[in-house]
Each structure stands twice: as C-alpha cells, then as structure tokens.
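Protein chains in written order, with the UniProt record's numbering: chain A, 1 to 660; chain B, 1 to 289.
Ideal Cβ positions, reconstructed from N, Cα and C, are used throughout, including at glycine.
Since the structure is predicted, the reported quantities are computational estimates derived from the model, not experimental observations.
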C-alpha cells in the first residue's frame, strides 16, 4: 500500500466557517493508505508548503491529497511543492472543498460531511496515481494577429518591436478598422486619422510585420506554440505587384456603389480604395458590383490601367502557415438601429447613428465636413441625441453598457457647437458614465461651455411631421413628458459583437458569452488570455471598449504573446491519453473526435494462435495530445485512458463514495 | 371557410356599422361565421381591473362554448373582446389555471379554440388573388390612415402584428386599391377607457391621433376597434375645438371599406350612421365613378 498524506486547508475563514477542518483531518486518518493527516490555516502559504515538504520526507510519503480551493487556483503550487521535496508532481491530488463546498453551502455539519466524502474520493484516487513525466515541444516564433483595427495594429507593433515576426491579417482590404471612420477622439479632440495613420504606416513598413489584408482565417489546427492556420486570401482582381496605385481605374469605373466606409452616405466605385489613407493604398475590385465580373461587359479598368495590373481571372487562394501565438482583435459592429421601430430607425433618413455623424463631420467625408442632414442636405440647428440605443436594454437583448457612447455623444455635442455656434444639442440619457482619465472633465465642459442640454429620461417615440422630427420622451428629473422638434436625431447606437464572431470562436476553439463577445480566461486576473493556451484577446472583440482601453489591452496581449514566443521550448502536457493496444479494436472513433488531430491508426503485428497477424490500433501522439479526454469517453471498449484520470482512478473514487 | 364569431356587445350597439358591414362582407366573400351560442360578456375594461380570475373566467366560458360546438377558430371583431379572449386563451395554457377556471365556470375547458382578430382573418386568410378578383370598386385615390389602437398589438403574447409598426391593415387597404399613408400614431392610445371618467384627458389623446392623421395627409382613418371609432368619430367636433383646426376625417371600420370595394350598398354597410359624414368621400372618390 502506498503511504499517503492528507492536508486540510482552512483558507482563513473561507473554508473553516462552513467546514470543521480539524474533524475532516481527523476522520481522514482512518482512510486506507493514509499515514498522516493534518490541517492548517493556509496550506498555500510558505509555512504551509514547508510543512508539506517536511511531512513528505519525514513520513516517506508516496503521494498526498490537499483539501483546499479549486485546482484552477493552486494545483500548480502544490505540484511544485511536491517536486521540491523530490516527489513526482503528479502524485498530488487537490480536493476542492471551497468553491465546491464551503462557498456554496451554509450548513456546517453537512459541509463537513461533504468535505469528508470529497476527501475520501481524493485519497482513493491518489493511491492509484502513477508518476507522470512531461516532454518538451518547440515553439514557432511567429505570431498571427487577426484584425487590423487599432487593437490589432498596436498588438502587431508591440510583438514586432519585441523582435518576433507578425502576420497582421484583416478581412477588409485596408487596415485601420473602426478608428479610421472616426473623425475626432475624446477627450482630447485630436483627429482620429492623424494619430491612427502613422501607426498604420508603421505597421506596413515594419520589417517584422507582414500585412495580409483582404484575407480571412479558414481553419486552425495544432495547439499552443504550433498553430497551423489556413488562410483564405480573397481575390482582389488587381495584381498588387504591378499596381502603382495611380487611381486611373477608380476614376474611370462607371459603377457607383454606396460606400460602406462612409456609412452609405457617400458613394464609391466598384474598383476602389475605401479612403485616401488606406494601407495598402491600392484598389481592389468588388466582385459583387463589378459589371465585368457580373455580366462580362465593361472592362474599362483593365483598358485604362497603365501597368496591366487588373486581372479578372484572379481566384481566392488558400495558404497554410504555422504560428506560435494568435492575438484575436476582430472588434465590433455598430448595433443595427432598425430594431427600434418606435424611433423610426432605418426608415426616417434623418434618424442616424453616431458613426454616420462621424462621417458627416469628417473633412474627407461625403459632405466635406459640413453637417448636412441626409434627407435634404439642410444644415440642422436642433439636434437630439438618444443614448443607450442597443445598450442597457433587456428588451433588445443587450443588457450590457457599450461604454464608449456617453463620451462620444459628449464629443459630438461639443464638436457640433464648434462647427455651428447657433446649433443646440439635446441629449437624452439614462446615466452619464465617464470613468476614464479626463472624461468627467470633458463631460462637464460639454455642459458648461458648449451649451449641451442633458435630459434624464428615455425617448418613447420619434416621428416625422413635415421636415421636423418630433422627439417625445420623458424628463424623469422634472417628472413630466417633453417634446422636442428636432432637425436631426442621432441615436448613440451601442456595440455588438461581430455577427460572425461565433464562427471564428469555433474555428479558434475559444469561448464566447451569450451575446457573442469572446470570453477571457479570468475576468480580473487573466483579462487578455483565453481558455485556449496561446490565443489572446485584444480590443472590442472581448467586450465594448473605447480606443484607450483597446490599445492598453492590445499591448497586454502582445506581451503575453511575446512572452510565449520568447520561451526556448514549451513543456508538453503530461496528462495525455494512452491507448491500451491489447483492448483497442481500431474502430477509429477516437481519431474522428480528437480536436487536436493527435490520434492516428497504426498497424501492429501480433502472434495469434501460433500465427502472425496484422491488426489496426489507435496511437496517440504524446506531443500533440492536450489531455482533453474526449477520446476516453468516445472509446467503446475502454482502451483509451487519460493519464491522471484513468478509468481505474475514477472508479476508485466512485467506490470510495459508495463505501461511506 | 368556417369560423366561429364572437360579436361582443358593441356590434349591436355603438358599433352597429361594424356588425352590419362584417355580416355583409362575410356573406359576399362566402365566409361562414357561426355565432357562438349563448355567449356572454368578455369582461373588457372592467373585469381585469377588479379580479384576475373573473377576467379569465368570463372569456373562458366563451372559449368553452366554442369548444363544445367544435369551433377551431373564433373571429372576434372588437379589439377589446379580442384582447380579453386571447389573454384567456394564453392563461388557459397553464394546467392549474385551466382547472381552476373550469371549476368556476362549471364547464370543461381545454383551451383548444384559437382566438383571432377579425382584421387578422380578413388580412391573412384571404388569398390575395381571390381578393383582387372580387374587388369591383377599387378605392383608388383614397388616402387612409390605418389606426390599430393599442389592444391588438400589445402585449407581445396576444399581439397580431408588430407593436410599433403594424402593417396588416395597411396591406389589406392597399389590396382594396386604397393608398395607406405613412404615419406615426398607428398604435397610440385613443384615450378610450378614460372617455367617461376623465373626458378632458381622453379628448387630448383622441385629438392627437386625429391631428397626426390629418398632418400625414390622410382623407380618412380606418380602424378595427369600436371603442377607438366612437372616440374618433363621436368626439371629433370637440377635438376640432381643442386643436383649433378643421379635421373632417371620416372614421371607417375596415369592414366598411371592404364592403364598398366589394360593391355593396353604403346603407347596407351602416355608412349612413356615422357622426362625421362618411358617404360623400366615398361617393366623390375616383373609385365611385
């Protein structure tokens, strides 16, 4: 029989308030194999660990069980503790009597009873533990950044500056993202393009950065340190090696299309660059609108191109590249306001969104920076803003705050007053949230110096009478209904996850919340990591964020990625699956279920009734296996076992529970 | 097509035009409406303010009667009746409520019959080609503001269409050749239930509905609700006084306009019984010529 030690932790009062820890330790003394059982206030503390190490030596322990918090918290601590005392770290079991017992129960007697049960199972399991050993795997010292908005650009620059090659991928054919559409930035009112374009150019020219625009991630295989990513490079129908970006094709193209970049307030051509500072600054053909590609007529761009760069025959191209780390920075979409029928949203042309107003304000926008309302080009005098449209609204399935709207509305009101001193902005709000450096000061200035009138209350209805928009709402401070005749209404539309974010999450194997925001590994302590090792999050794809937050998170993700790439090699998982070839029937179920493609079917020769015969069996590549255990569940014959969680160990736990 | 019919109290009283035109149109279209025998009050406007069980039990008895007579679908012209009947139908989906109500009304009720607003039946169940084939006097040139009121579209469990911008009556009117106007007061409250208790509050609300229909360029308003109609029609003079503007908007039941389009006599449809003169607009419209 193995010699087992038991250590019960009080976790201060976290466990001890709901569990009699001394009693648990006392009872455990009688469990089979236990030669020592004790309790202590903080097992994870230095004295606690020293106590464990001394016990290992003194009692010549083969393994031990610590009854404490979740293994998610301190399993590495107690494994290392064992290793320091010369014990194989996999001879340790951690029983969770905090998250799974004391924190969720109130009755101390029953809590104690449950802790004893959990501990009995842990002891039964550790008796069956075997020493496990990990190996090392190489790291591909390259990183992929998905999404070329400000977060992606920042992450790419930081990783590149740390000395590692980066591929910066964007599905659009320019980097820049949402920030490129924005006119000015709060709280400093500096021009968005003026601070963004230098970074775009820097990214394009950085020797460690490879730009891959108009491309999308198709599939991701492999695992941390060695992701094999299949990328679809979409056909641009323009040979970038030959194109000089002269713009003759765009000028002559006869097909006009509403510009996505201008929020459809302006037009672009079918062969186009979305905005003057685009990077790369070479046009592509939009196949959905090009006359030649649709019905074979036109071909003007090919005729006028002086370098023969237009190539109608170009096809999508699939490439496979290997990366050590991935940063996801796919950003957000603006909430679709047409869900608010009561605001005439999507029907009344002068009910617009914040991004529309950004384009109307922008000097290179469709109105050259003059505020003209979309319906008749009239300059508006009374402008009403409605906040929390598609945010903090359960009825629309958006209970969350979009975080940036309070500030961008204040910015808009300030800028409108500067552009049009006779204008007046009315802002309907639920709360004004300004938790950022210099944000509250900016908001105060909007009210005091820029004459914006803040009205606390929701708007119930917006409708058109003649050329006026009647905005009806409630002033909940005065406790009465208000009605404003406005010329222009701006809905502060909130942020939505990308509509296809969930597809990307499944491709990458990362998790997302009920809305589609990517989930961080820990909301406080691992805000840029995902649950999948080697994949990090930056910017608004993880939740609504403004520019400073996105940039900060991008740099944090970059440090994580660079930290991973800086390791000479990675330690492979020791708790991997193993196939018992004697039982395996070679059915291949495990192979199809394995998410890491680590199982192959091989042939073995064996002697059977005096004759040699060949048989097919599964073989697990120990370097690729991540120990998820899917194959052990799928295996119909029980041939597949996960080391550290063998069928034998789990059954021992079940037995122990039944023997109480 | 065969439907049960729950006429409610107004179709023989304040909403007699609705009753007359519903009957005439159904006959013309060959729709078989079977009046639920021995029906009782739906409880609208008062029961649900007093006692929840009573407010479910009253319409539940009508549903039980419909079941007994093998009626699968009950057409309900009055919007208030529809709301109470549908609310009972929803409430009866709950097993415990079904039992309790069954004991109160001393009848077995399964909740199998489906309550449907009459406007829904005419707008959704009639084949578009069939409808256009029977229209003999298209309402061309007639600009109508479709006014749904509050009872047919809220709350979501009983709504027949979108609560903010319902379209089914607009589409029906377009099928008759009329031009529905785009306006924003489709589902605003007419003040109906305050008409007696707080007439001054109610009148302001009625006046706003009329005003915005007028501003939207409508020649008339079309409704599926007797309460809305009596407010908009009977109080229009007072509303004109309050607004200081002339309105002159005839208020039609959608069934009346259907009847005209189908070539029925105006008197047969009850069009001569309105407060705001309702026949000349239809006589003078290009449709009549």
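Paired residues, beta bridge with residue i - DSSP
i, result
"residue 662 of chain A", "With chain A running from 1 to 660 in the structure shown, residue 662 of chain A is simply not present."
"residue 210 of chain A", "A/167"
"residue 522 of chain A", "A/526"
"residue 644 of chain A", "In the DSSP output, where bridge partners are listed per residue, residue 644 of chain A has none listed."
"residue 35 of chain B", "B/5"
"residue 317 of chain A", "A/233"
"residue 493 of chain A", "A/389"
"residue 36 of chain A", "A/5"
"residue 215 of chain A", "A/233"
"residue 571 of chain A", "A/136"
"residue 361 of chain A", "DSSP output for residue 361 of chain A lists no bridge partner at all."
"residue 443 of chain A", "Partner(s): none; residue 443 of chain A has no beta bridge."
"residue 29 of chain B", "Note: residue 29 of chain B sits in no beta bridge, so no partner."
Cβ neighbour criterion (16 or more within 10 Å) applied to residue i
i, result
"residue 658 of chain A", "exposed"
"residue 74 of chain B", "buried"
"residue 55 of chain A", "buried"
"residue 446 of chain A", "buried"
"residue 478 of chain A", "exposed"
"residue 244 of chain A", "exposed"
"residue 272 of chain B", "exposed"
"residue 125 of chain A", "buried"
"residue 179 of chain A", "buried"
"residue 546 of chain A", "buried"
"residue 289 of chain B", "At residue 289 of chain B the pLDDT is 46, less than 50, meaning the model places this residue with poor confidence; the figure from the coordinates comes in the next sentence. That one is exposed."
"residue 275 of chain A", "buried"
"residue 563 of chain A", "exposed"
"residue 617 of chain A", "buried"
"residue 651 of chain A", "exposed"
"residue 539 of chain A", "buried"
"residue 398 of chain A", "buried"
"residue 566 of chain A", "exposed"
"residue 7 of chain B", "buried"
"residue 97 of chain B", "buried"
"residue 173 of chain B", "buried"
"residue 560 of chain A", "buried"
"residue 10 of chain A", "buried"
"residue 109 of chain B", "buried"
"residue 416 of chain A", "buried"
"residue 237 of chain B", "exposed"
Limits of the beta strand (DSSP E) - the one that residue i falls within
i, result
"residue 279 of chain A", "Taken as a continuous stretch (DSSP letters only), residue 279 of chain A belongs to no beta strand (DSSP E), as it is neither H nor E."
"residue 144 of chain A", "143-146"
"residue 76 of chain B", "73-76"
"residue 612 of chain A", "611-620"
"residue 143 of chain B", "143-146"
Unbroken alpha helix (DSSP H) run spanning residue i, endpoints
i, result
"residue 81 of chain A", "71-84"
"residue 90 of chain A", "Run containing residue 90 of chain A: none; DSSP gives neither H nor E here."
"residue 163 of chain B", "No alpha helix (DSSP H) holds residue 163 of chain B; DSSP gives it neither H nor E."
"residue 185 of chain B", "Element bounds for residue 185 of chain B: n/a, residue is neither H nor E."
"residue 254 of chain B", "254-261"
"residue 605 of chain A", "It is not in any alpha helix (DSSP H) - residue 605 of chain A instead sits in the beta strand (DSSP E) that spans 599-608."
Distance between beta carbons of residue j and residue i, contact taken as under 8 Å
i, j, result
"residue 383 of chain A", "residue 425 of chain A", "5 Å"
"residue 115 of chain A", "residue 34 of chain A", "15 Å between Cβ atoms; not a contact."
"residue 85 of chain A", "residue 57 of chain A", "6 Å"
"residue 146 of chain A", "residue 319 of chain A", "The pair is not a contact, with the Cβ atoms about 15 Å apart (cut-off 8 Å)."
"residue 354 of chain A", "residue 408 of chain A", "6 Å"
Going along the region 158-175 of chain B in order, which residues come within less than 9 Å of chain A, judged by CB to CB distance? For the region 158-175 of chain B, the beta-carbon criterion of a distance under 9 Å to any beta-carbon of chain A is satisfied by 162, 163, 164 and 165.
Contacting positions in the region 446-462 of chain A - beta carbon closer than 9 Å to chain B: Under the 9 Å Cβ criterion, the region 446-462 of chain A contributes 461 and 462.
Interface positions of the region 481-498 of chain A facing chain B (Cβ-Cβ less than 7 Å), listed along the chain: Among the residues of the region 481-498 of chain A, none has a Cβ less than 7 Å away from any Cβ of chain B.
Identify each residue in the region 34-61 of chain B for which the Cβ-Cβ distance to at least one residue of chain A is less than 9 Å, and report them in chain order. Those would be none; no residue qualifies.
Closer than 7 Å, Cβ to any Cβ of chain A: which residues of the region 174-199 of chain B, in chain order? Within the region 174-199 of chain B, those residues whose Cβ lies closer than 7 Å to any Cβ of chain A are, in chain order, 184.
Residues of the region 207-230 of chain B in Cβ contact with chain A at a cutoff of 9 Å, in chain order, please. Within the region 207-230 of chain B, the residues whose Cβ lies closer than 9 Å to any Cβ of chain A are, in chain order, 212, 215 and 216.
Listed in chain order, which residues of the region 331-342 of chain A have Cβ atoms closer than 9 Å to some Cβ of chain B? Listed in sequence order: 340, 341 and 342.
For the region 462-481 of chain A, which residues have a beta carbon sitting closer than 9 Å to at least one beta carbon of chain B? Going along the region 462-481 of chain A in chain order, one finds 462, 463, 464, 465, 466 and 470 with a Cβ nearer than 9 Å to chain B.
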